[in-house]
Amino acid sequence: MTSVKVFVPYGAVGLNCTEEAFEAGLAMKPDIISSDAGSTDSGPYYLGSGHGKYSIADVKRDLKRMVLGADKLGIPMTIGSAGTCGSDEGVNTALKLIREICEEAGIHKKIACIYSQQDPEVIKKKYREGKISALHGAPEISEKTFDECSTIVALLGAEAYEEAFKNGADIIIGGRSTDTAVMAAYPLMKGCDPASCWHAAKTVECGGVCTSAGLPGGVFMELDKKGFTIRSVQPGSTVSPYSVSAHLIYENANPIQLTEPGIRIDTSTSTYTALSDNAVRVEGTTIEYLPYTMKLEGSGPVGYQTVSMAGIRDHKVMQNPMKWVEAVSKAGIDKLEKNGISKDSYHFWLRPYGYNGVSGMDVPEGYVPNEVLMMLTVTADTQEMATQITKAFNPLMLHHNIFEGKQMPSYGFLFSPAEMERGTIYEFKLYHTVSVDDPLELVRMNYVTV
2 MTSVKVFVPY GAVGLNCTEE AFEAGLAMKP DIISSDAGST DSGPYYLGSG HGKYSIADVK
62 RDLKRMVLGA DKLGIPMTIG SAGTCGSDEG VNTALKLIRE ICEEAGIHKK IACIYSQQDP
122 EVIKKKYREG KISALHGAPE ISEKTFDECS TIVALLGAEA YEEAFKNGAD IIIGGRSTDT
182 AVMAAYPLMK GCDPASCWHA AKTVECGGVC TSAGLPGGVF MELDKKGFTI RSVQPGSTVS
242 PYSVSAHLIY ENANPIQLTE PGIRIDTSTS TYTALSDNAV RVEGTTIEYL PYTMKLEGSG
302 PVGYQTVSMA GIRDHKVMQN PMKWVEAVSK AGIDKLEKNG ISKDSYHFWL RPYGYNGVSG
362 MDVPEGYVPN EVLMMLTVTA DTQEMATQIT KAFNPLMLHH NIFEGKQMPS YGFLFSPAEM
422 ERGTIYEFKL YHTVSVDDPL ELVRMNYVTV
């Protein structure tokens, strides 16, 4: 083994990559094509429901490129965190799409499906054994918490992928994984420098984000026993020591160290050398081996939600939108109390977008918007309750007058009916680690030949 070359075409499967960039990546003769396919960035819904974020058409397009590209070169391919959240459903959906792609192309592959969704009873046992620890900012939990989660996943490290390679898999579909494990596994198995494998994988986890192209752009990493080299595959795009080193900060609490299952790398002695405007060489990263833990993510339902939105251009309201927000909020609470609905039985917020709806912070003195979008969000124990409470606010959002002597205003709802039911909403309930005796202890694997 002189080096291992890994082509990462996407920041996530479903985000696309230009045809020109993808072909450029194939032309660089990779040994494997790998991509992350999920994240918790988009909130707890996807994990809680088990559903994917991206359209099936977009996901199939990206998978088709990977499958056909890997077949053309006679190399393996991997994806991790299939279906956004890495649930069993996400893995099975990816398998279905890849099966279709192979059948349509008339090609035959051995596919490994790696499942990381957990049985709550198994995790409860770990909890009773004292093997679950909270990460910074994690909520307090009890044994009851595991039953409150509709989906629990344990993030895969590299070992499950290595096991699948050893068993002859051409295509590996991973459940919820650390973003780096998907890219680190193959070069680790081939004997590349372990510290460099993890550091390089962290650098390319989001595809072209570590390049000047950003998204949608792919990236290429080449690893050996001393370090790694990063290149962009998007024509006209560049990489620099700054763009490569800066990615360690992304979604990472420590700008120098990165902790993964069973290891921690340290980049304080790393060197970043520009070989050209499209190649950066990294060496000097060190590694420390740790007791093996896997991150647990869990999400569960916490109620039902209904939303209503009204647009306001009243110049008097624009002088102080928060006065209107506060008046309507109080009037709504009072109205519901009189109808026997306690404010403790629901939750709502009313935000003026176009004023400070995004930040909630004070605006610059003298700032007067031209118009605002008032968004009301109500959460309650049932969908019916959430909708009925939203309807109670309806006439207030449309006609509430906060100025004495002024005729009754009429503002505008965006839609008719004005209430939009969002269905079940979820929240993250687990942000912890679990200690295991074997990296494959919480992993299930299945092999399919198509």
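So the sequence shown is numbered by our numbering: it starts at 2 and just counts up by one.
Each residue gets a CB set at the ideal place from its N, CA and C atoms; glycine is no exception.
Considering only C-alpha positions, which residue in the set the options is nearest to residue i?
i	options	result
Pro45	Ser360, Ala28, Gly301 and Leu441	Gly301
Lys336	Ala28, Met310, Ala71 and Ile390	Ile390
Cys86	Thr179, Arg445 and Pro195	Thr179
Ile426	Ser43, Phe8 and Ser56	Ser43
Tyr368	Leu156, His316, Gly333 and Ala328	His316
Ser271	Val234, Thr230 and Pro262	Thr230
His137	Asn253, Leu441 and Thr41	Asn253
Leu443	Ser277, Met362, Ser330 and Ala161	Ala161
Lys430	Thr41, Glu405 and Gly175	Thr41
Tyr347	Asp171, Gly304, Asn340 and Gly361	Gly304
Leu156	Gly341, Gly218, Leu64 and Pro262	Pro262
Thr239	Thr181, Val123, Gly228 and Phe221	Phe221
Tyr448	Glu90, Val435 and Gly169	Gly169
Asp278	Gln235, Ser269, Gly358 and Val308	Gln235
Gly341	Cys207, Glu366, Ala95 and Met386	Met386
Leu27	Tyr11, Ile142, Thr3 and Lys73	Lys73
What does the Cβ neighbour count give for residue i, buried or exposed, with the cut at 16 atoms within 10 Å?
i	result
His433	buried
Gln118	buried
Arg129	exposed
Glu104	exposed
His109	exposed
Phe8	buried
Leu297	buried
Trp325	buried
Met375	buried
Asp382	exposed
Trp350	exposed
Asp37	buried
Leu224	buried
Gly237	exposed
Ser244	buried
Glu420	buried
Leu16	buried
Ser134	exposed
Can you list, in chain order, the residues of its chain with a C-beta nearer than 7 Å to that of residue i? Leave out the 5 residues immediately preceding and following it.
i	result
Pro256	Leu249 and Ile250
Leu189	Ala159, Glu163, Pro195 and Cys198
Val14	Ser36, Ala38, Val60, Asp63, Leu64 and Ile80
Phe404	Lys317
Ala165	Ala113, Ile115, Ile173 and Met446
Note down, in chain order, each residue of its chain lying with its Cβ closer than 6 Å to the Cβ of residue i, except the 5 sequence neighbours on either side.
i	result
Tyr412	Ala311, Ile313 and Leu399
Pro370	Met319, Gly355 and Tyr356
Lys125	Glu144 and Phe147
Lys54	Ser43, Tyr47 and Thr85
Phe394	Gly333 and Leu377
Met409	His400 and Asn402
Ala185	Ala159, Cys198, Trp199 and Ala202
Met78	Ile34, Met67, Ala71 and Ile172
The alpha helix (DSSP H) with residue i in it runs from where to where?
i	result
Met323	Pro322 to Lys339
Ala28	Glu20 to Ala28
His200	Pro195 to Val205
Phe147	Glu144 to Glu149
Cys103	Asp89 to Ala106
Glu163	Glu160 to Lys167
Ile264	From DSSP, Ile264 is part of no alpha helix (DSSP H) but of the beta strand (DSSP E) over Ile264 to Asp267.
Gly70	Ile57 to Leu74
Gly49	Tyr46 to Ser50
Gln258	Gln258 -> not in any alpha helix (DSSP H); beta strand (DSSP E) instead, spanning Gln258 to Glu261.
Leu399	Gln384 to His400
Val123	Pro121 to Arg129
Our contact map puts residue i next to residue j with C-beta atoms below 8 Å; I'd like the distance itself, whole angstroms only.
i	j	result
Gln306	Val379	7 Å
Val437	Tyr293	6 Å
Ala214	Pro242	Going by Cβ atoms, the distance from Ala214 to Pro242 rounds to 17 Å, so no, they are not a contact pair.
Glu284	Lys227	6 Å
Gly51	Glu90	4 Å
Pro322	Val373	5 Å
Excluding the 5 residues preceding and the 5 following residue i in the sequence, name in chain order all residues of the same chain whose CB lies nearer than 8 Å to its CB.
i	result
Glu289	Ile264, Arg265, Ile266 and Asp267
Val451	Ile99, Arg100, Cys103, Glu104, His109, Lys110 and Ile112
Val92	Ala83, Gly84, Cys114, Ile115, Tyr116, Ile174, Gly175 and Gly176
Is residue i close to the ligand HEM? I mean its beta-carbon at under 6 Å from any heavy atom of the ligand.
i	result
Leu276	Only the bare structure without any ligand can be found here, which leaves the ligand HEM out of the picture.
Mind checking which residues open and close the beta strand (DSSP E) that includes residue i?
i	result
Ser436	Glu420 to Ser436
Ser244	Looking at the DSSP string, Ser244 is not in any beta strand (DSSP E); the run it does join, the alpha helix (DSSP H), is Pro242 to Ala247.
Pro353	Tyr347 to Tyr354
Phe221	Val220 to Leu224
Leu443	No beta strand (DSSP E) contains Leu443, which DSSP labels as neither H nor E.
Leu374	Val373 to Ala381
Met184	First-last for Met184: Ala182 to Met190, but that is the alpha helix (DSSP H), not the beta strand (DSSP E).
Tyr273	Thr272 to Ser277
Phe229	Gly228 to Ser233
Gly84	Met78 to Thr85
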